[in-house]
Amino acid sequence: MTAPGGPHTDVAPGRTFALVAGVERYEISHHWNLRGPARDALRFARWLTRPGQVPAANVRLLLSPLDDPDTLDWSASEGLAALRTSYRPATEANARTALLDELPECDGDMLWIFWAGHGYLGRGHELMLPCADARPGQIRHLNLDSALRWWRTDLVKHRRFPLQAALVDACRVDAPRDSRWNFGSADYGGGHTVPGRRQFRLYASRVGEAAQNDAERGAGRFTEALLGELGDRSAGEGAAFLPDAARSIHLAFRGLRERGEGWQLPQFLVDRDWDANSFLDARPGDGPSGPSLPSAPRLDQAGWDGLGELFEGRDLPRCTYEAYAWAFKAAGCTTPVDGGLPADTLLDVVADLDERQGGRTGMPLAVPFVHFLADRTARPGGGPGGGPADPAWAAALAHWVRATRERLALPALRPPPAPARKATLHVRLESPPGGEDGLLARMWLRGEPTRHVWESEGEPVQLAAVRAALVRRLAEDAGGGQPHGGIGRIEFHVPYELLETDFDQWPVPRRGPGGRTRPLGTVHEVVVRCPQEREDTGTEWRDKWRWLHVHDGRHPDAVRTVEDADVTDALGLRLGAAPAPGCVLGHVSGTRTAALLDALLEGGVPVAVWRRGGGTPAGGLAALLAPDAGPGAPAVFALPARVREVRRAAAARGPEGGDRLVLLWDDPDDTVHLRSLAT
36 MTAPGGPHTD VAPGRTFALV AGVERYEISH HWNLRGPARD ALRFARWLTR
86 PGQVPAANVR LLLSPLDDPD TLDWSASEGL AALRTSYRPA TEANARTALL
136 DELPECDGDM LWIFWAGHGY LGRGHELMLP CADARPGQIR HLNLDSALRW
186 WRTDLVKHRR FPLQAALVDA CRVDAPRDSR WNFGSADYGG GHTVPGRRQF
236 RLYASRVGEA AQNDAERGAG RFTEALLGEL GDRSAGEGAA FLPDAARSIH
286 LAFRGLRERG EGWQLPQFLV DRDWDANSFL DARPGDGPSG PSLPSAPRLD
336 QAGWDGLGEL FEGRDLPRCT YEAYAWAFKA AGCTTPVDGG LPADTLLDVV
386 ADLDERQGGR TGMPLAVPFV HFLADRTARP GGGPGGGPAD PAWAAALAHW
436 VRATRERLAL PALRPPPAPA RKATLHVRLE SPPGGEDGLL ARMWLRGEPT
486 RHVWESEGEP VQLAAVRAAL VRRLAEDAGG GQPHGGIGRI EFHVPYELLE
536 TDFDQWPVPR RGPGGRTRPL GTVHEVVVRC PQEREDTGTE WRDKWRWLHV
586 HDGRHPDAVR TVEDADVTDA LGLRLGAAPA PGCVLGHVSG TRTAALLDAL
636 LEGGVPVAVW RRGGGTPAGG LAALLAPDAG PGAPAVFALP ARVREVRRAA
686 AARGPEGGDR LVLLWDDPDD TVHLRSLAT
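The numbering used here numbers the first residue of the sequence shown as 36 and each following residue consecutively.
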C-alpha cells in the first residue's frame, strides 16, 4: 500500500518494531501523576499486536501505572498477554536502552514510537518527555527530537527502518527555568544523515499547549481519536493511512474549537506527512489549500481604533494578568496552561486574546479583559502600576465595553470578582534618634478603613512591650468565631538590623483553657519589611513589584536562587538591572547573610526568603516551599501562606529549620506614609 504521494509503506508485520510508553506515576511528586497514559499505551500495544499483527517480541513496552499492573486489562490480545511478562518501568535508562540500544540492532522496515505522559519544551524547543524516575534535582527524560535526529543517521544501519513514526500524547509547554527543576541536557549525538529515511510526527498539541486527558475514562483525547482512525488496519495499512488519519484528527478537533468546546488554536498539530509536506488544511481527497481563518468572534475595526486610543502610552496595570485569566473564564474557556502574560503591552495582550477561540457565548476574549480592567482601575490601587484609582480611564474603558457589546450584539457580562482583601496588622519599629535603649513603635490596621491602633507615645520600649501590645490588640479584635478577628497577616516594618528577629516565633495565647501558647507565625502570615532602606532604590523596588503582579508571580524568571558563591559586591547591581527577579531564595551561610540582605535592598528586590542564621534546608528552599507543585513553583504570591504552612509543620516537628524561615515581603503599594515616630 502506498501513501498518496509518499513512499511504499506496505510493511510486513514481522519487520515492524515499536517503543510504546505510558507514564502515570512520577517520583518527583504525586501532583505530577496522571490517570490514563498507561492504559493508552496498552491500547496502542493492543492495536499493534492484534489488528496490526506485530509480534509481541518486536514491541518494547514501558509502563509506570498508578495502579497495580495486574489490575490492567492484558487480555485484549495474545500479544498483549505476552507483553505482561516483558514490560519494564518507564525510567530514563529503560527508555534509552530500548530506543538507542535494542531497537537499532533489529532488522526492520518500520519503527513506531508511541509515548503518553507529560511533555516539556527545552530552550531549543526540543520535546522532553519526563520519565517515571524524574526527580526535582534531575528531571530524567527522553529528548525525543534528539532521539529522532539520531535515528536518521548512519548509527542505524543504512537499509534498516526507512520509515519511522512518532506519536506523542503529551503537552508541549515550555520547561521552567527555575534552578530547582533541572532537566539537564540529553543530546544523543548521531552520525551522518541517511538519505531516504522518512519520519512522520503527530503530536497531541501545538507548541505552548496542553494535551487533554479524560481521567474518568483513563484515556487521552489524542489517543482515543488516533486509535479510532487506525481501527482494524494492519500495521502496514496503518502506516500508509497515517497522513489521512492525522488530517481527520485535525479536522475533528478544529470542529470542536469552532463549536466552542476548546480554546486552543488548534489543540492538535500534525507535523509532516511521509513526504515532509504540510497537509493540515486539506480534506481527505482534496489538494493542498491555504490556512483557514479562525471563525471565532473577533474585534471589529472600531473596537481596535478605540483600544488604540485608550491604551496609548499606558503601562500594564498590576491587575493585567488577573484580567487576562478572567477573560477566559468569563467567556467559558480554559485558561492557557502557562502562567504569565503573552506580551508586554496592552495592545499585544489584546491581540493574543483576539486570535484565540472564544467559548459557546460567542464573546471575543478581548471584551471581558477590558471589562475587568475597567472595574479594577476604578478601585484604589487599581491604576496602572498599582497606583491610585484612575476613574477617568476606568470610565472610558467601561464606555468602550458598552459600545462594543451593542455594536457586535454580544451577551451581557457579569461583574468581575472583587479583589480579595485581608485585614493586615502593621507594626512599625524605629530606632530612637538619640540612641536611647529600646524602640519607637506604632501599630495600624489596614482594612476598611485603615486605622491607627497603638503607639509607644514617643517613648522607647522593649520588644517585650511591643509583643504585649500586639497580643492585646489581637485579643481585642477577636470575634465572629475567627481567631484574632480574621487578621490574615502581620507585617513588621523594621530597621535593617532587626530583619532577622524571630517575630514569627513570638508566643501568642492559644484559644481554649490552660494558658498555652503558639508561635505567632503558625497562626498568622508573618513577614518583615524594610521600607526605610528603599529610598535610594524606590524605582527598582516598584518596577519589580509591578512586574511580579503583571505576570502573576509565575514568570520563569520571577524567582532566583542565590548561593554563597553568588554573593559578591556586584550582586546588588545585577539584581537591580532588570525587573526580574522579583523574588530571591537565599541559600547562604550565616556569614554571608548580611551581604545578601545588602544586595537585596540595593537591587530593589521586594520578596525574599532565607533561613535565619544561614544555611540551606535539605532539598533547598524551593522544595521546602512548594514540595508538591509542578515546575516553576513556588508561585511568588503564594509565599506568605506557604511559609506559614511550613512554620506550622515545623511546630509539629516537620521540616528541619522550617521555624527559622524569614520572609521579606515589601509591598510598595501597601505603605502608609506616616510621620516619623521620632517627631
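Glycine residues also receive a C-beta, built at the ideal position from the N, C-alpha and C atoms. Predicted, not measured: the structure shown is a model, and the values here were computed from it.
Secondary structure of residue i, DSSP reduced to three states
i           : result
residue 51  : strand
residue 284 : helix
residue 149 : strand
residue 541 : coil
residue 218 : coil
residue 447 : coil
residue 500 : helix
residue 463 : strand
residue 338 : helix
residue 400 : coil
residue 684 : helix
residue 554 : strand
residue 61  : coil
residue 534 : coil
Proximal residues to residue i (C-beta, below 8 Å), its chain only, five neighbours per side dropped
i           : result
residue 68  : 59, 60, 61 and 101
residue 135 : 182, 185 and 223
residue 82  : 262, 265 and 273
residue 449 : 365
residue 486 : 479 and 480
residue 153 : 58, 61, 67, 69, 164, 165, 205 and 206
residue 763 : Because the chain here runs from 36 to 714, residue 763 falls outside it and cannot be looked at.
CB contact flag (residue i, residue j, <8 Å)
i           : j           : result
residue 565 : residue 701 : yes
residue 559 : residue 464 : no
residue 554 : residue 682 : yes
residue 210 : residue 155 : yes
residue 510 : residue 496 : no
residue 597 : residue 619 : yes
residue 678 : residue 699 : no
residue 637 : residue 617 : no
residue 151 : residue 228 : no
residue 85  : residue 114 : yes
residue 488 : residue 508 : yes
residue 217 : residue 174 : yes
residue 474 : residue 399 : no
residue 622 : residue 654 : no
residue 630 : residue 594 : no
residue 674 : residue 644 : yes
residue 512 : residue 522 : yes
residue 196 : residue 143 : yes
residue 505 : residue 462 : yes
residue 413 : residue 429 : yes
residue 624 : residue 588 : no
residue 694 : residue 687 : no
Contact set for residue i: own chain, Cβ-Cβ below 6 Å, skip 5 residues either direction
i           : result
residue 525 : 460, 559 and 561
residue 147 : 53 and 200
residue 149 : 55, 79 and 202
residue 397 : 332
residue 122 : 96 and 98
residue 703 : 576, 577 and 580
residue 93  : 52
residue 705 : none
Nearest-angstrom Cβ-Cβ length linking residue i and residue j, presumed shorter than 8 Å
i           : j           : result
residue 639 : residue 582 : Between residue 582 and residue 639 the Cβ distance is about 11 Å, and since that is not below 8 Å, they are no contact.
residue 452 : residue 411 : At roughly 10 Å, the Cβ-Cβ gap does not stay under 8 Å, so residue 452 and residue 411 are not in contact.
residue 277 : residue 226 : With 8 Å as the limit, residue 277 and residue 226 do not qualify as a contact, their Cβ atoms being about 27 Å apart.
residue 402 : residue 439 : 6 Å
residue 187 : residue 234 : 7 Å
Chain-order list of residues whose beta-carbon lies under 7 Å from that of residue i (same chain, five-residue window excluded)
i           : result
residue 404 : 358, 359, 362, 385 and 388
residue 345 : 431, 432 and 435
residue 221 : 176, 178 and 181
residue 284 : 260, 261, 264 and 303
residue 287 : 260
residue 539 : 554, 555, 556, 561 and 682
residue 605 : none
residue 137 : 95
CB contact below 8 Å: residue i versus chain D
i           : result
residue 405 : The structure shown contains no chain D, having only a single protein chain.
Near the ligand SAH: residue i beta-carbon under 7 Å from a heavy atom
i           : result
residue 686 : As presented, the structure is devoid of all ligands, the ligand SAH included, so that no description of it is given.
Alpha helix (DSSP H) segments (min. 4 residues) lying fully within the stretch 69-140: 72-84, 113-118 and 127-131
Runs of alpha helix (DSSP H) lying entirely within the stretch 151-207, each at least 4 residues, in chain order: 179-186
Extract the residue ranges of the beta strand (DSSP E) inside the stretch 602-630, only unbroken runs of 3 or more that lie entirely within it. 618-622
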